[in-house]
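If you're matching positions, the sequence shown starts at 89 in the numbering used here and goes up one per residue. Ideal Cβ positions, reconstructed from N, Cα and C, are used throughout, including at glycine. The structure presented is a predicted model; accordingly, all values stated were derived computationally and were not measured. Note sheet for the following structure.
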Amino acid sequence: MASKVYFIKASINDGEQVISEKARKLFKAGSFAECFKENDFTAVKVHVGEGSNNTYTKAPCIKGLVDELIALKTKPFVTDTTTLYVGRRHNAIDHTALAIEHGFNLDVLGIPFVVPDGLLGTSETPVDIDGEIDKQVFIASGIVHSQSLLSVAHLTGHVAACLGATLKTLGMGCASKRGKLKQHAALNLGIGDECTRCGVCYEHCPADAITLDDVKAHIDEDKCIGCAECMAACRFGAVICNWGEEDEVLQKSIAEHALGVMKGKENRVACFNFLMSVTKDCDCFSEPDMDKIVDDIGIAASRDPVALDKATLDLMEKKAGKKLADLIGNDKLDPRYQIEHAERIGLGSSSYELIEVR
Ligand code: SF4
Ligand code: SF4
Numbered sequence: 089m090a091s092k093v094y095f096i097k098a099s100i101n102d103g104e105q106v107i108s109e110k111a112r113k114l115f116k117a118g119s120f121a122e123c124f125k126e127n128d129f130t131a132v133k134v135h136v137g138e139g140s141n142n143t144y145t146k147a148p149c150i151k152g153l154v155d156e157l158i159a160l161k162t163k164p165f166v167t168d169t170t171t172l173y174v175g176r177r178h179n180a181i182d183h184t185a186l187a188i189e190h191g192f193n194l195d196v197l198g199i200p201f202v203v204p205d206g207l208l209g210t211s212e213t214p215v216d217i218d219g220e221i222d223k224q225v226f227i228a229s230g231i232v233h234s235q236s237l238l239s240v241a242h243l244t245g246h247v248a249a250c251l252g253a254t255l256k257t258l259g260m261g262c263a264s265k266r267g268k269l270k271q272h273a274a275l276n277l278g279i280g281d282e283c284t285r286c287g288v289c290y291e292h293c294p295a296d297a298i299t300l301d302d303v304k305a306h307i308d309e310d311k312c313i314g315c316a317e318c319m320a321a322c323r324f325g326a327v328i329c330n331w332g333e334e335d336e337v338l339q340k341s342i343a344e345h346a347l348g349v350m351k352g353k354e355n356r357v358a359c360f361n362f363l364m365s366v367t368k369d370c371d372c373f374s375e376p377d378m379d380k381i382v383d384d385i386g387i388a389a390s391r392d393p394v395a396l397d398k399a400t401l402d403l404m405e406k407k408a409g410k411k412l413a414d415l416i417g418n419d420k421l422d423p424r425y426q427i428e429h430a431e432r433i434g435l436g437s438s439s440y441e442l443i444e445v446r
């Protein structure tokens with residue numbers, strides 16, 4: 089059966105207030121209020137951008153959505169997990185400071201920013217799923233413990249997953265560090281020159297995979313179980329990611345983690361994709377003024393993350409007259425892996441009815 093996807097035209101030139109009102113219009117048109125109940129802990133999942141990035145979806149653009157949640161008397165909090173890579177979102181302290189700086193705060197939104205995977209990205213809850221790759225995924229506890237979820241995704245390309253939209257926001261963006269590491273199966277950890285040989289990672293490693301020589305720590309790949317404890321524990325940013333070639337497995341794992349996020353929240357998740365300032369790379373890049381790969385399109389929303397991402401991809405490729413892989417300049421990537429796999433494991437339907445709201 090086709091899932092309903094609501095869509096409204098919008099451009100960054102409309103200004104933040106008009107964009108916010110358009111998102112609110114979609115919320116009402118799709119009766120998304122039915123997803124939320126009084127006193128729910130409601131996670132409003134966003135990407136707060138990286139240091140110099142200025143193309144992420146700005147806080148005032150989601151004010152209308154947040155106001156709807158406040159009016160419904162839920163307990164909403166704006167949220168984003170810590171990252172694997174070392175940057176301003178690597179731990180909760182730096183991440184919270186950045187979120188506040190970028191306007192995801194009480195003054196602008198009227199709700200607090202809370203990091204859902206704790207100080208170091210290790211506050212997680214294992215969730216059992218019936219996936220093809222995984223039977224258990226690791227989700228940020230603050231997400232699992234929330235009764236409802238409003239997912240706000242900014243459409244972008246992605247260097248490995250090809251498409252960054254709702255499935256990636258849920259699967260990667262709501263996972264703990266260990267969950268993220270699990271998704272990046274082709275990634276190996278290494279120790280950089282920043283290592284001070286303090287030994288903290290060695291003490292935390294549950295697999296005896298770390299040794300210390302006279303200069304620095306080393307990780308034995310064969311022993312490493314990918315728990316991410318060393319990344320979380322190192323205060324010097326010395327545990328680094330050696331990104332490998334990945335595409336299909338990463339995308340499938342993203343879909344399976346999204347399944348874990350949605351588990352127990354059936355009919356309690358509303359997903360919004362902002363199809364504006366669409367860039368080749370994701371918002372984790374700390375680059376100002378990244379080139380847009382397609383003109384602004386609008387905002388799309390659905391309760392079905394699979395239908396929403398399929399509709400989003402179709403809208404984008406129609407607008408551009410090109411495939412996403414060509415837009416980002418890597419024809420080896422295919423964004424359909426994540427959508428098709430998500431449908432196969434029961435996360436939703438790629439068949440959709442697009443309802444335009446004016
Ligand atoms: S915790 Fe960091 S700095 Fe300390 S030994 Fe491990 S990698 Fe080196
Ligand atoms: S990821 Fe876990 S198992 Fe691997 S080296 Fe780090 S602490 Fe040890």
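Boundaries of the alpha helix (DSSP H) around Ser108: Glu104 to Ala117. Remark: the C-beta of Gly278 is outside contact range of ligand 1, defined as less than 7 Å to any heavy atom.
Relative to ligand 2, even the nearest heavy atom lies 7 Å or more away from the CB of Gly259. Per DSSP, the beta bridge partners of Leu277 are Cys329.
Assigned with DSSP and collapsed to three states, Leu160 falls in coil, not helix or strand. Pairwise C-beta distances place the region 129-143 in contact with the region 162-175, as three or more of them are shorter than 8 Å. Beta-bridge partners assigned by DSSP to Gln224: Asp216. Residue range Ala180 to Glu189 is occupied by the alpha helix (DSSP H) that includes Glu189. The set of residues whose C-beta lies within less than 5 Å of a heavy atom of ligand 2 reads, in chain order, Cys293, Ala295, Ala297, Ile307, Cys312, Ile313, Cys315, Glu317 and Cys318.
Where Val337 is concerned, the enclosing alpha helix (DSSP H) starts and stops at Glu336 to Met350. The beta-carbon separation of Ile96 and Lys116, rounded to 11 Å, does not stay under the 8 Å limit for a contact.
Ala408 sits close to Val382, with the two beta carbons spaced by under 8 Å. Residues of the same chain with a CB within less than 7 Å of the CB of Glu405, apart from the 5 flanking positions on each side, are Lys411 and Leu412 in chain order. In the displayed model, Asn142 falls within coil according to three-state DSSP, outside both helix and strand. Only buried fits Pro393, as 16 or more other CB atoms lie within 10 angstroms of its CB. Within the region 374-431, complete beta strand (DSSP E) segments of at least 3 residues are found at 386-390, given in chain order.
The beta carbon of Phe362 lies closer than 6 Å to those of Thr145, His242 and Ile387 in the same chain, with the five residues before and after it left out. Ranked by Cα distance from Ser437, the options Glu444, Val445, Glu428 and Ala159 are led by Glu428. For Gly252, the beta-bridge partners assigned by DSSP are Thr244. With a threshold of 16 other beta carbon atoms within 10 Å, His233 falls short and is exposed. Secondary structure at Asn355: coil, using DSSP grouped into helix, strand and coil.
Assigned with DSSP and collapsed to three states, Asn127 falls in coil, not helix or strand.
Ser341 sits close to Ala273, with the two beta carbons spaced by under 8 Å.
Leu160 and Ala263 have their C-alpha atoms roughly 27 Å apart.
Here Ile313 carries a coil assignment [DSSP, helix/strand/coil]. Within the region 283-313, the complete beta strand (DSSP E) segments of 3 residues or longer fall at 298-300 and 305-307, listed in chain order. Residue environment analysis places Thr284 among the exposed positions, since fewer than 16 neighbouring C-beta atoms fall within 10 angstroms of its C-beta.
Taking one beta carbon from each stretch, the region 202-210 and the region 173-184 have 3 or more pairs nearer than 8 Å; the two touch.
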